Amino acid sequence: MNKKVTYLYFDDLEGAANAVKDNLESDLLTVTIKRELPWNDMITYLLDNQSLFDGLILDWKLDGEDDSNANFSSEALAQQCRRLQVDKINGRGFSKSFPIILCSAQPGFKTIHERDTTSEDLFDGVFEKSDLEDQEEFLISLINAYDILSDTDKSIDDIIGLSKEKQKVIDNTLIRKINEIRNRQPHEMVQFLLKEVLNKKGALINVENLAAKLGVNINSKGWEELKNEMDHFKYKGILLNGERWWADLINEFWVNNFEGTTLKFLTAKERISFLETKYNNLKDRLDEPNLSLGAESKEFWTVCYVSNMPIAEMDGFIIDQHIHYPWQDREYVCLDVAMNETSRGELWYSLLPYEEERLKSYFENTEK
Amino acid sequence: MAKLEYRAADVFADISRLIGFLKDLKKAKVQIEGLESLETELNKESNQQDLWKLKTKLIFKNINKTDLKIPTDILKDVKEIILELKISIVERSYKKGTICDSIDQNNGLQYGVQLITYGKSLANKANYKMSWHLDKHIRSKEGNDGIGKGFIHPEYHFNMGGFALTKESDFNFGNILLIDTPRIMHPPLDIILSIDFVLKNFYGIRVKNLTDSNPYKKIISRSKNRLWRPYFISLAHFWENTRFNDLDIEEKYSYKILGEN
């Protein structure tokens with residue numbers, strides 16, 4: 000069912016590009032390397048050869064070498080390509096939309112790049128070269144996503160892999176938002192799904208979060224079997240890269256099976272005993288997660304942003320992050336991580352101001 | 000067909016506005032978590048207009064430590080108090096002019112409002128805990144008294160402690176956290192009235208700007224009108240049974256409220 004896809008990769012450093020190509024290529028993915036050309040030639044080349052590639056990879060600084068032909072930036076080129084995907088200029092344009100990836104060999108490039116946020120939205124992915132080498136699955140899923148999104152008849156089901164019936168169970172604002180941008184450029188939907196849905200906890204959850212919600216220690220003997228039972232509730236839409244589950248479908252599963260109980264209100268021990276009544280083969284093979292330092296509640300619901308330790312929301316400290324949409328959950332760190340400053344500044348920057356105050360109270364002189 | 004007094008949409012609109020007000024309380028250092036999830040619940044399509052189901056867990060932070068009624072040498076270890084409010088409720092709309100109990104326990108969800116307070120101390124010290132819950136008496140579908148014969152069971156009753164405290168076998172009863180106890184007989188609380196209960200009992204002066212404001216009062220009074228008006232008219236009718244002739248009154252409700260059925 001999967002056809003082989005081709006990315007055209009422009010780089011002024013062929014050696015570095017070849018290393019990426021060697022690591023990325025597979026039975027499903029080809030990478031064609033090409034040196035940069037002056038602006039007009041570059042545009043003409045892309046338009047003339049559009050049937051030969053499905054996606055584009057651009058090096059961030061095409062003018063890095065002394066003998067470079069580039070008299071433009073990658074951002075400018077990407078902008079021009081986006082325009083030519085929707086409209087003709089001088090009578091010429093692309094017949095379809097395709098993904099554009101930005102990469103660089105420069106260490107720390109992602110953080111440097113993130114400062115220039117005005118151009119970031121042009122790209123479907125931004126990677127350091129060493130990271131790009133592991134993105135085969137993602138690059139292929141992007142082409143597949145563009146194919147589906149370019150189809151004018153696509154349904155919401157085609158995009159996020161949820162039937163009309165199941166869509167009712169999910170946060171309606173998410174469904175409405177997808178519907179609203181459904182017929183815009185594929186690039187816009189890809190940006191939205193990656194940034195606001197797939198890579199944010201909330202509507203979708205990862206495996207650690209799934210285990211926390213089910214109140215099960217991920218190292219339990221029976222975990223893999225229980226996880227497989229949850230297969231029906233997996234995300235099966237476009238751009239899947241790693242496993243995700245629909246949090247609302249898990250809650251619905253619970254209500255349907257254990258009527259009158261509310262998953263979130265139960266302790267790990269209670270959740271496990273309900274699960275054991277449904278899955279006899281899991282009896283005595285599911286363990287509770289351990290409580291993190293200073294934690295009190297065994298009504299586990301999320302995981303620490305840094306350590307992935309399961310925590311109940313009341314035992315965590317909220318990281319200062321913008322919540323863009325109601326289906327997104329806040330991210331928490333556990334007391335241990337919050338007190339130990341080493342991960343601060345790398346994985347997270349600060350807590351919400353009032354959470355910093357709460358944290359401080361744990362250090363205050365107790366004679367008060 | 001007689002007009003319905005309240006529909007899911009009316010109640011959801013009020014909850015949604017209240018959430019907006021609560022988010023603003025951050026300025027008064029009143030932090031409430033879980034409002035986003037509650038909004039998500041409201042955004043789901045599955046609720047019918049004449050029957051709606053809500054389950055939510057809210058976490059209230061920054062509760063005054065002066066509310067703690069425990070010995071001072073223990074108090075100094077307590078770093079913060081966190082209150083969890085858990086609500087499960089199924090409500091039915093009712094026709095105008097009807098006096099009845101609109102909280103439904105026959106649709107797979109028991110009614111319950113739980114208030115659990117935690118006194119959290121340093122990581123290596125004991126944590127303290129107390130729980131109250133407002134329940135509706137559980138009956139068989141025919142309305143007969145099923146369980147707990149011999150004890151008085153007002154239809155809606157506040158209880159202190161109970162299962163929430165004892166279900167974890169490692170909980171030390173020496174660690175029970177005592178705060179002023181609430182009244183025993185109490186009219187039903189929905190999400191709006193439960194939140195109002197917590198704000199007024201635990202934050203007092205810090206939320207006065209909000210709780211004194213007209214839009215807030217209107218939201219609260221609509222919930223009271225929906226749930227408390229039938230509750231108290233039923234009670235009044237119990238003694239004044241020649242009055243309220245223009246209303247269609249569910250006879251049994253007052254007996255249940257009084258625990259006489």
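Chains as they are written, first to last, in numbering that gives the first Met the number 0: chain A, 0 to 367; chain B, 0 to 260. Virtual Cβ for every residue (Gly too), placed ideally from N, Cα, C. Computed from a prediction, not measured in an experiment: that's the story for all the values here.
Residue-chain proximity (residue i, chain A), Cβ-Cβ < 7 Å
{"i": "B:Gly107", "result": "yes"}
{"i": "B:Gln104", "result": "no"}
{"i": "B:Thr116", "result": "no"}
{"i": "B:Asn126", "result": "yes"}
{"i": "B:Lys78", "result": "yes"}
{"i": "B:Ser87", "result": "yes"}
{"i": "B:Pro181", "result": "Low confidence applies here, because B:Pro181 scores a pLDDT of 48, under 50, leaving its location unreliable; read the following figure in that light. By this cut-off, B:Pro181 is not an interface position."}
{"i": "B:Lys223", "result": "no"}
{"i": "B:Glu35", "result": "yes"}
{"i": "B:Lys22", "result": "no"}
{"i": "B:Lys279", "result": "Any property of residue 279 of chain B remains undetermined from this structure, which presents chain B solely from 0 to 260."}
C-beta atoms of residue i and residue j nearer than 7 Å
{"i": "B:Asp49", "j": "B:Ser15", "result": "no"}
{"i": "B:Gln109", "j": "A:Gly259", "result": "yes"}
{"i": "B:Ser87", "j": "B:Lys135", "result": "no"}
{"i": "A:Pro309", "j": "A:Ala211", "result": "yes"}
{"i": "A:Glu35", "j": "A:Leu61", "result": "yes"}
{"i": "A:Glu132", "j": "A:Asn22", "result": "yes"}
{"i": "A:Phe93", "j": "A:Gln84", "result": "yes"}
{"i": "A:Leu28", "j": "A:Ile204", "result": "no"}
{"i": "A:Val30", "j": "A:Asp123", "result": "no"}
{"i": "A:Glu127", "j": "A:Phe108", "result": "yes"}
{"i": "A:Glu330", "j": "A:Tyr304", "result": "yes"}
{"i": "B:Val89", "j": "B:Lys52", "result": "yes"}
{"i": "B:Leu57", "j": "B:Leu84", "result": "yes"}
{"i": "A:Ile177", "j": "A:Ile155", "result": "yes"}
{"i": "A:Gly201", "j": "A:Trp326", "result": "yes"}
{"i": "B:Gly96", "j": "B:Leu3", "result": "no"}
{"i": "B:Ile191", "j": "B:Ser222", "result": "yes"}
{"i": "B:Tyr127", "j": "A:Glu295", "result": "no"}
{"i": "B:Ile31", "j": "B:Leu41", "result": "no"}
{"i": "B:Ile98", "j": "B:Ile232", "result": "yes"}
DSSP-derived helix/strand/coil call for residue i
{"i": "A:Val206", "result": "helix"}
{"i": "B:Asp134", "result": "strand"}
{"i": "A:Asp133", "result": "coil"}
{"i": "A:Cys102", "result": "strand"}
{"i": "A:Tyr353", "result": "helix"}
{"i": "A:Val215", "result": "coil"}
{"i": "A:Glu242", "result": "coil"}
{"i": "B:Asp211", "result": "coil"}
{"i": "A:Arg343", "result": "strand"}
{"i": "A:Tyr278", "result": "coil"}
{"i": "B:Val112", "result": "strand"}
Cross-chain neighbours of residue i in chain A, by beta carbon under 8 Å
{"i": "B:Asn42", "result": "Asp170, Asn171, Thr172 and Pro325"}
{"i": "B:Gln47", "result": "Per Cβ cutoff of 8 Å: no residues; B:Gln47 is ~12 Å from chain A at best."}
{"i": "B:Lys25", "result": "Tyr353"}
Neighbour list for residue i in chain A, Cβ cutoff strictly below 7 Å
{"i": "B:Ile58", "result": "Glu312 and Met313"}
{"i": "B:Thr39", "result": "Asp170, Pro325 and Trp326"}
{"i": "B:Ile81", "result": "Met313"}
{"i": "B:Lys54", "result": "Thr261"}
Buried/exposed call for residue i, threshold 16 Cβ in 10 Å
{"i": "A:Asn216", "result": "buried"}
{"i": "B:Met184", "result": "exposed"}
{"i": "A:Lys263", "result": "buried"}
{"i": "B:Trp238", "result": "exposed"}
{"i": "B:Leu133", "result": "buried"}
{"i": "A:Glu24", "result": "exposed"}
{"i": "B:Arg242", "result": "exposed"}
{"i": "A:Gly293", "result": "buried"}
{"i": "A:Asp40", "result": "exposed"}
Interface flag, residue i vs chain B, CB-CB below 7 Å
{"i": "A:Glu275", "result": "no"}
{"i": "A:Phe299", "result": "no"}
{"i": "A:Phe126", "result": "no"}
{"i": "A:Glu258", "result": "yes"}
{"i": "A:Phe137", "result": "no"}
{"i": "A:Phe52", "result": "no"}
{"i": "A:Phe232", "result": "no"}
Within chain B, the residues that residue i reaches when beta carbons sit closer than 7 Å
{"i": "A:Gly214", "result": "Correct list: empty, because the minimum Cβ distance to chain B is about 13 Å."}
{"i": "A:Phe264", "result": "Lys56 and Lys85"}
{"i": "A:Ile322", "result": "Glu35"}
Contacts that residue i makes with chain A (C-beta to C-beta distance below 9 Å)
{"i": "B:Glu32", "result": "Glu312, Met313, Ile317 and Arg329"}
{"i": "B:Lys28", "result": "Tyr353 and Glu356"}
heavy atom of the ligand ATP below 6 Å from residue i C-beta
{"i": "A:Ile217", "result": "Inclusion of the ligand ATP in the displayed structure is not the case, the ligand content being empty and no account of it being possible."}
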